[in-house]
Amino acid sequence: MAHYPPSKDQLNELIQEVNQWAITNGLSMYPPKFEENPSNASVSPVTIYPTPIPRKCFDEAVQIQPVFNELYAHITQDMAQPDSYLHKTTEALALSDSEFTGKLWSLYLATLKSAQYKKQNFRLGIFRSDYLIDKKKGTEQIKQVEFNTVSVSFAGLSEKVDRLHSYLNRANKYDPKGPIYNDQNMVISDSGYLLSKALAKAVESYKSQQSSSTTSDPIVAFIVQRNERNVFDQKVLELNLLEKFGTKSVRLTFDDVNDKLFIDDKTGKLFIRDTEQEIAVVYYRTGYTTTDYTSEKDWEARLFLEKSFAIKAPDLLTQLSGSKKIQQLLTDEGVLGKYISDAEKKSSLLKTFVKIYPLDDTKLGREGKRLALSEPSKYVLKPQREGGGNNVYKENIPNFLKGIEERHWDAYILMELIEPELNENNIILRDNKSYNEPIISELGIYGCVLFNDEQVLSNEFSGSLLRSKFNTSNEGGVAAGFGCLDSIILH
Ligand code: ADP
Ligand code: MG
Ligand code: MG
């Protein structure tokens, strides 16, 4: 890149431009301990330049998203059948990972046992499929890191970092002589709009199930973490819901759910007690990790919401469909074929998978155990957890495994490491400090799917995300402090 690296003066000017654009447009986050003064937000960690992504890889990820949406809808539908393969698999997983999968599964079983209210048949999946671009065999191929089925973040801020970089380019901030990129090749994600569109559509579907007696317009409840720092990402969806779709929303913690909501006995409908406001859609931005449930009361709140007639985004089964164990099972062509019969679709999915092994007593599981102990440098070990910071990498794997009883190893999967290209021509800006180190980038594609027990009612690609991290860090979470938001320049 001819304009890289910038001179010291240029860099200082760019940093100022980024900070000012970000504050003007809400490309921001709360800093730690913001509760002391919630009027202070800080600029999200971002890269200063966009990162080049091969057009072929981006197009492939976009095109395959509806197939992944369909796949995970079918998986969830299958899990709901008591004798199905995935029902039994999840049951077994609930035993080996009793702390989290087991808890969610027991809530699901509880909804079946005490089915006192009318059942809501619609489910809304708001998904994000994450990829690294593998360069191992001299080709560039997207390889799936994971498929997220709950609480996917950054749809709102993704759009903003894209617009930031496009602005810097068009306003000649990268180079006073003129734009350094062809603006046509800069991706502007519509994810902030498209996720709110999916939520609004779910509200419409809910309304269409009602007799004409529904009085007020039902709303969306965002179920959020206490002291959430990534509020402004979520706010983009809330504001879009109202401004683009006329749909109101509220933000509720699990405490609020316990204190402020009730379910109508006859209809199972969910309401806010004080205002009798009806809730059509329960959208989770919490509940994806053990620490989101601080006491038995939080689990009760989750069960209470699950039992209601509101449409859940996601419901328990859709959340469980995104377990790393299921991702591992799907790498078996026979298993995948149960949920996607079309041969072309199936092979396009398989192309994006790397090898994933179970660590159980099957033939493949024994091979997995052998590789984990003898060639750990090629692998990452993952538990059934979300939200970053949970994986064990490379040489740390053998000792980690030796520290736990072998009969518990099947709660983990062993995944081949993907080797992406390093980008040495970018700069990370975090807390007003710039870091000029090689980065690697993870592409995320959003997808929204509304489905019931039999059918897929709508299925859409919903925008993109690029997150980058230092090559030296194993994990890439932006909120967790490992990574930053980036944008895509296609080449
Ligand atoms: P989580 O659900 O906690 O986000 P991930 O499966 O996304 O878990 O793993 C976290 C991070 O670890 C990823 O963002 C990526 O940086 C790294 N990682 C995970 N799997 C692989 C892999 N197969 N190859 C290389 N890096 C990986
Ligand atoms: Mg995840
Ligand atoms: Mg991840």
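Residue numbering for the sequence shown follows the working numbering, beginning at 452 and increasing consecutively. Even for Gly, the Cβ is constructed at its ideal location relative to N, Cα and C. Please read these numbers as outputs of a predicted model, since none were measured by experiment.
{"query": "Where do the N-terminal and C-terminal ends of the beta strand (DSSP E) with residue 622 fall, by residue?", "result": "Note, residue 622: premise wrong, no beta strand (DSSP E); not H, not E."}
{"query": "Can you tell me whether residue 467 is buried or exposed? The criterion is at least 16 other CB atoms within 10 Å of its CB, across all chains shown.", "result": "exposed"}
{"query": "So is the beta-carbon of residue 866 under 7 Å away from any non-hydrogen atom of ligand 1?", "result": "yes"}
{"query": "Using CA coordinates, which residue listed in 582, 726, 744 and 578 is at the minimum distance from residue 764?", "result": "578"}
{"query": "When you compare only the Cα positions, how much space is there between residue 568 and residue 653?", "result": "20 Å"}
{"query": "Quick check on the burial criterion: 16 or more other C-beta atoms within 10 angstroms. Buried or exposed for residue 792?", "result": "exposed"}
{"query": "Beta-carbon separation of residue 572 and residue 903 under 8 Å?", "result": "yes"}
{"query": "May I ask you to list the residues that DSSP assigns as paired with residue 592?", "result": "585"}
{"query": "For ligand 3, enumerate in chain order all residues having a CB closer than 7 Å to any of its heavy atoms.", "result": "581, 596, 597, 599 and 839"}
{"query": "Considering only DSSP beta bridges, list what residue 921 is partnered with.", "result": "890"}
{"query": "For ligand 2, is there a heavy atom less than 7 Å away from the beta-carbon of residue 837?", "result": "yes"}
{"query": "If you follow the alpha helix (DSSP H) that residue 956 is part of, which residue opens it and which one closes it?", "result": "Nothing can be reported for residue 956: it is not among the residues displayed for the chain, which extend from 452 to 942."}
{"query": "Please list the terminal residues of the continuous beta strand (DSSP E) segment that includes residue 601.", "result": "Per DSSP, residue 601 belongs to no beta strand (DSSP E) and is neither H nor E."}
{"query": "Assuming residue 732 contacts residue 575 (C-beta within less than 8 Å), just tell me the rounded distance between them.", "result": "7 Å"}
{"query": "Where does residue 911 sit, in a helix, a strand or coil, going by DSSP?", "result": "strand"}
{"query": "By DSSP's criteria, residue 874 is part of a beta bridge. Which residues make up the other side?", "result": "890"}
{"query": "Below 7 Å, is the gap between the Cβ of residue 846 and the nearest heavy atom of ligand 1?", "result": "no"}
{"query": "According to DSSP, is residue 479 part of a helix, a strand, or is it coil?", "result": "strand"}
{"query": "Between the Cα of residue 698 and the Cα atoms of 722, 789 and 648, which residue gives the shortest distance?", "result": "648"}
{"query": "Contact check, residue 734 vs residue 674 under 8 Å by CB: the rounded distance?", "result": "7 Å"}
{"query": "If you measure from the CB of residue 805, is any heavy atom of ligand 4 nearer than 7 Å?", "result": "You won't find ligand 4 in this model; what it holds is ligand 1, ligand 2 and ligand 3."}
{"query": "With a cut-off of 8 Å on the beta carbons, I'd call residue 940 and residue 502 a contact; round off their distance for me.", "result": "7 Å"}
{"query": "Return the CA-CA distance between residue 724 and residue 543, expressed in angstroms with no decimal places.", "result": "39 Å"}
{"query": "Measure the alpha-carbon distance for residue 790 versus residue 483 and round it to whole angstroms.", "result": "43 Å"}
{"query": "Less than 7 Å between C-beta atoms, sequence neighbours within five positions excluded: which residues of the same chain meet that for residue 881?", "result": "496 and 935"}
{"query": "In whole angstroms, what separates the C-alpha of residue 906 from that of residue 884?", "result": "50 Å"}
{"query": "Assuming residue 641 is part of the beta strand (DSSP E), what are its boundary residues?", "result": "Counting along the chain, residue 641 falls outside any beta strand (DSSP E), and DSSP gives it neither H nor E."}
{"query": "Return yes when at least one heavy atom of ligand 1 lies under 7 Å from the C-beta of residue 833, else no.", "result": "yes"}
{"query": "Could you have a look at residue 614 and say whether DSSP puts it in helix, strand or coil?", "result": "helix"}
{"query": "If I'm right that residue 916 touches residue 609 with Cβ under 8 Å, what's the distance once you round it to whole angstroms?", "result": "4 Å"}
{"query": "With distance defined between alpha-carbon atoms, name the residue in 851, 867 and 857 nearest to residue 830.", "result": "867"}
{"query": "Does the pairing of the region 840-853 with the region 812-832 give three or more beta-carbon distances under 8 Å?", "result": "yes"}
{"query": "Which runs of the alpha helix (DSSP H) spanning at least 4 residues fall entirely within the region 692-721, listed in chain order?", "result": "705-711"}
{"query": "For residue 879, which beta-bridge partners are listed by DSSP?", "result": "498 and 886"}
{"query": "Beta carbon of residue 869: closer than 7 Å to some heavy atom of ligand 1?", "result": "yes"}
{"query": "For residue 743, does the count of other Cβ atoms within 10 angstroms reach 16, so buried, or fall short, so exposed?", "result": "buried"}
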